[in-house]
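The C-terminal residue of the sequence shown carries number 96 in this note's numbering, and the numbering is unbroken. Even glycine gets a Cβ: it sits at the ideal position worked out from N, Cα and C.
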Amino acid sequence: MSLTTADVKRIAYLARIEIGETEAQATLDKLTGILGLIEQLQAVDTSGVEPMSHAQEVTQRLREDIVTETDQRALFQSIAPAVEDGLYLVPKVIES
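In structure tokens:
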């Protein structure tokens with residue numbers, strides 16, 4: 001895919017970016033280089049390569065799923081202003 005300075009100026013206009021002639025040419029050179037790299041990557045045969053989620057074989061270290069704290073629900077609810085059926089009652093904040 002080849003671009004022209006007119007294409008770069010059109011993209012800049014759509015992005016609401018003011019761009020001069022020298023900036024348009026410099027941007028065109030950079031975009032042409034990027035598109036060239038993309039074409040090189042697309043030319044590589046990856047038919048035998050399995051997709052990966054990460055470049056290295058890494059796994060996340062997980063901790064054991066064990067209880068580390070005691071149940072303090074009764075203590076916390078004993079100091080709450082209003083509790084009903086194990087739930088905290090709060091004032092209504094939205095009027096209908």
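Taking Cβ to Cβ, would you say residue i is nearer than 7 Å to residue j?
i     : j     : result
Thr5  : Ala26 : no
Leu3  : Leu31 : yes
Ala82 : Leu75 : no
Val8  : Leu28 : yes
Kindly indicate the opening and closing residues of the alpha helix (DSSP H) around residue i.
i     : result
Lys30 : Glu21 to Ala43
Asp7  : Thr5 to Leu14
With a 10 Å radius around its C-beta and 16 neighbouring C-beta atoms as the bar for buried, classify residue i as buried or exposed.
i     : result
Val58 : exposed
Does residue i get closer than 7 Å to chain D when you measure Cβ to Cβ?
i     : result
Gln40 : In summary, chain D is missing from the structure at hand, where a single protein chain is found.
Next on the checklist: Ignoring anything shorter than 4 residues, give me the alpha helix (DSSP H) runs that lie fully in the region 62-95, in order along the chain.
Outcome noted: 73-78
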